[in-house]
Amino acid sequence: MASRINTGFTLIPNQKYRRSNRRSSSYFSNTLGSDSQPLSTLGNFKALPLEIFQIILRYLSVKDISMLSMVSKTVSQHIINYISTSSGSKRLLLQDFHNLELPSKRQDSAILEHYRSLGLLFKRCTLLLPTRERLKYIHKILAEVSCFKFNGCAAPIQCLGLPCYGMFLQTLTAGWDELECHRVYNFLCELTNLSRKMQTVVCSKPGSARKLELRIRLFCRNVLLDHWTHRSDSAFWLTRILKPWPMVNQARLLYIIFGPISPQDVVPREWLLENNARLLILSGNNICFTFMASKAVNGRAIELAKLIVFLALVCEKELYCMDWAVKMMQKVCKVFSTAMERNNFLQNVANAFACVIMEMLQSVMAGDRDEDDRSFLNLFHLVHAQANFHKEVLYLTMNTLST
Ligand SMILES: [Zn+2]
């Protein structure tokens, strides 16, 4: 993670040196200006009563407070104490996560931005603590925000709590090395009992613990995975999540975390016929014929006819041999058992050409033009496809007649 230092955040010059020099025992004492703190490091603030200092903080933006916290250890501690006061936490721990009256992006990003700044403030205030102490302290402060908890929100899908928590953690941990990030993951796991919960879902039948599956998905996505700008960071956290599990459970977890969440998402939308035709062509002659023959056997002549049209269109667009499409049609014809069925099918092919051309023409005339005139180009190709297809049919019949 060290390679991904966001230059907007504090750089930590030399952690080992810093760590060996820390004195964390009295760092969070609740008595302000206590004897253990050298008051001189307050500078001119020394003259101010604590109440005034906190009133001043109220007028500063979160970003400014985080800058101020770097002035000295004493100032930083005063700020920490301010965060713990009821007015401080009320101001800093915004909990407006469900404001759906104005579901504008701007509002969403305002609260996310706030938690980004807050992450920076906590990062700076707790700079001198070892990772675990840091996390414990931060957790203690954040514990009052119920929407940050794994099961804390009653309407988790509409809630911005976890994304804000994720944003906060991302800012806090930006620039930390992998070992420290691993500690963060372990800390979160302990806190939320995540492994146990994952165990429950991977060991039960799919969907039998739907709510838990959803919570796991939201927690992993919103808190751990979704905020990173660099894929390698997402990959790092995803690896933390997956590593402890055997492959079969990893697959299941991946599905829970990234898969579709509603049955509507599961059923793929109908493919465009052109794409079907493309896939069939790429699947090779045998699969293509088997697929079409089964339609013929089941008497689905109209569907089949339309497919022939799109096979011809793909051949035309991709400069494949049109001869192939005609031969395929010929082979499929033989699957129909009676002459009447065969003729009906051939009639359907001719109709399908006319029908699809008219549809495309209508779309061109309706002016549904996209930037690159795709509907017009499609029509252009289709008219040529029909001509080429027709030519091959003529060759076939005329040559048969002349031999
Ligand atoms: Zn919530």
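When you line the sequence shown up against this note's numbering, it's residues 46 to 448, in that order.
C-beta: ideal position from N, C-alpha, C; glycine also.
The distance from the Cβ of Met374 to that of Val394 is about 7 Å, consistent with a contact at the 8 Å cut-off. In this structure, Phe167 sits away from Leu224, with a CB-CB distance that is not shorter than 7 Å. Each residue's CA atom was taken as its position, placing Met212 and Thr130 some 23 Å apart. Comparing alpha-carbon positions, the option among His272, Leu269, Ile306 and Lys436 lying closest to Lys372 turns out to be Lys436. Of the candidates Leu163, Leu349, Ser114 and Asp153, Leu163 places its Cα closest to the Cα of Lys135. Between His227 and Arg285 the beta-carbon gap is near 7 Å, inside 8 Å, which marks them as a contact. For the pair of segments examined, the stretch 329–338 was found not to touch the stretch 285–303: the number of CB pairs separated by less than 8 Å stays below three. Distance between Asn144 and Leu259, taken at the CA atoms: about 21 Å. Shortest gap from the CB of Gly206 to any heavy atom of ligand 1: under 6 Å. Unbroken alpha helix (DSSP H) stretches of 4 residues or longer found wholly inside the stretch 288–345: 292–303, 308–311, 318–328 and 330–342, given in chain order.
Annotation for Cys366: no alpha helix (DSSP H) segment contains it, and DSSP assigns it neither H nor E. Phe303 is classed as exposed because its beta carbon has fewer than 16 other beta carbons within 10 Å across all chains shown. Taking C-alpha positions only, Ala188 is separated from Gly197 by approximately 10 Å.
Between Leu257 and the set Val246, Lys250, Cys265 and Asn267, the nearest pair of CA atoms involves Val246. Contact between Val428 and Ile402 holds: CB atoms are separated by about 7 Å, below the 8 Å threshold. Between Leu270 and Ser277, the CB-CB gap reaches or exceeds 7 Å. Around Cys234, the same chain offers Ser240 as residues with beta carbons nearer than 6 Å, after the five sequence neighbours per side are excluded. Rounded to the nearest whole angstrom, the C-alpha separation of Ile156 and Thr119 is 29 Å.
Taking all protein chains shown into account, Lys288 has fewer than 16 neighbouring C-beta atoms within 10 Å of its C-beta and is therefore exposed. Taking the Cβ of Phe142 as the reference point, at least one heavy atom of ligand 1 falls within a distance shorter than 6 Å.
The DSSP-derived three-state label of Cys198 is coil. By the neighbour-count criterion, in which 16 or more other beta carbons inside 10 Å mark a residue as buried, Cys248 falls on the exposed side.
Annotation note: the stretch 347–415 contains the following uninterrupted alpha helix (DSSP H) runs of length 4 or greater, listed N- to C-terminal: 367–378 and 384–410.
Taking Val268 as reference, the option from Lys362, Leu138, Leu174 and Cys204 with the minimal CA-CA separation is Cys204. Annotated three-state conformation of His272 is coil, per DSSP. Around Lys108, the same chain offers Ser162 as residues with beta carbons nearer than 6 Å, after the five sequence neighbours per side are excluded.
Separation of Pro208 and Pro305 (C-alpha to C-alpha, rounded to the nearest whole angstrom) is 19 Å.
Taking every protein chain shown into account, the CB of Ser121 has 16 or more other CB atoms within 10 angstroms, so this residue is buried.
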